[in-house]
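**Student:** Each number in my numbering corresponds to the 1-based position in the sequence shown with 649 added.
Every residue, glycine too, gets a C-beta built ideally from N, C-alpha and C.
Submitted below is the structure of interest, expressed as structure tokens.
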Amino acid sequence: MAVEHIEGLHSPDLVKLCGVLKICELEVILLGKQGPRARIDAQGYDEAIFCSGELGFPFRGRFALPAGWCLVGYLHYTDTPSWCHGTMLSSGMAFTVLPEGISEFMLAPGTHVSVVLVPHARLQRRYQSLKPLQPELPSRLIALFGLGDDVRSQASRQAWDAVRDGVLGSETHPTGSLRDHDVDALLDEHLLAGLSARAEDRPSCSRGRRTHYLVMQRAEEFMRNNLRRDIYITELCNAAGVSERALRYAFEDLLGVSPNRYLSMLRLCTACKNLTLSDASRKSVKSVALSCGLWDLSRFADHYRRVFGERPRDTLMRAPPFEAA
């Protein structure tokens, strides 16, 4: 499946894209040369938030769930090098995210994904109704698993396909509708499929890839903590505790870009988010750019326009901060 075959893609701004899950603070760092292209929507129904999207761009993402909420989801389609915490992802995988820490992932262009946000207590109740003698939710068993060909997996897959059609629409329901969905039934199918998944359906992260993930994570954290100033490759190597060759190999393996290229996109996407949320009467393009370590304003403006399709000032002036928030 090729990205260019996805119909109806548009170019959402990063703040709207990051806010599509409503209660999650999602951060998106672009990895390609072009801006975000996606068909994505979210709907609230029966005390749950449904979201489905078809993504036409590669990106590195991070989000944290608010206390008391959890997320269940399904990858209708994805391709190399998609991963979650360094573990490779593939089409047909389901996942569960509990409100513990920050979730980190990378999705390849062409990915189709659907998720549902529900109160954690609700998921716990559904599990207890299925396994009354085992009160503790087995987070390890439902964290990440592939849906096979058994009856339970097929039922879960059909439920997730119905979610995608209900949010984004289909040939039979072009506008999309969730009115006929049973949230508890979806959670039950998801839990049963996860509990019955075989060992070979549960992906693992190799020792080498785990090392690459930790190297990238330490270098990225140094970037974020020092974004306002010049950052040199030797500093990143020292922060990650590896040689320059090992650092480059880790970034290429996990993100498909060099450390310097990733730093450039991290600065640019942070500037885009800050421009969208800033008050034009209080902030200027220059102050936002400098706060992200973008010292060459002319080069910044050219790069920004190539990626996001507009000038930085257009982003700053487009909407008042209270509307973006």
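Compare the beta carbon distance of residue 880 and residue 893 with 9 angstroms and say whether it is the shorter of the two.
**Tutor:** no
**Student:** Start and end of the beta strand (DSSP E) containing residue 768?
**Tutor:** 761-768
**Student:** Give the DSSP-derived three-state secondary structure of residue 650 in the structure shown.
**Tutor:** Bear in mind that a pLDDT of 30 at residue 650, under 50, signals an unreliable position, so the model cannot answer this.
**Student:** Among 839, 898, 949, 809, which residue has its Cα nearest to the Cα of residue 918?
**Tutor:** The residue with the shortest Cα to Cα distance from residue 918 is 949.
**Student:** Let me check one thing: in DSSP terms, what residues is residue 713 bridge-paired to?
**Tutor:** DSSP lists 751 as partners of residue 713.
**Student:** Less than 9 angstroms between the beta carbons of residue 738 and residue 793, yes or no?
**Tutor:** yes
**Student:** Could you tell me if residue 782 is buried or exposed, where buried requires 16 or more neighbouring beta carbons within 10 angstroms of its beta carbon?
**Tutor:** exposed
**Student:** Does DSSP classify residue 857 as helix, strand or coil?
**Tutor:** helix
**Student:** So residue 873 packs on residue 890, CB below 8 angstroms; how close in whole Å?
**Tutor:** The Cβ separation is near 17 angstroms, so there is no contact.
**Student:** Rounded C-beta distance between residue 769 and residue 717? I'm assuming under 8 angstroms.
**Tutor:** Contact flag correct, Cβ pair sits at about 6 angstroms.
**Student:** Quick one: complete alpha helix (DSSP H) runs, 4+ long, within the stretch 859-890?
**Tutor:** 882-889
**Student:** When the Cα atoms are used, what is the spatial distance from residue 702 to residue 758?
**Tutor:** 12 angstroms
**Student:** Just the Cα atoms here: how many angstroms apart are residue 662 and residue 952?
**Tutor:** 16 angstroms
**Student:** First and last residue of the alpha helix (DSSP H) that includes residue 847?
**Tutor:** Element bounds for residue 847: n/a, residue is neither H nor E.
**Student:** Tell me which residue opens and which closes the beta strand (DSSP E) that residue 701 is part of.
**Tutor:** 697-704
**Student:** Would you check if there are 3 or more beta carbon pairs closer than 8 angstroms linking the stretch 724-740 to the stretch 770-778?
**Tutor:** no
**Student:** Taking just the CA atoms, how far does residue 931 sit from residue 906?
**Tutor:** Approximately 35 angstroms, taken between the alpha carbons.
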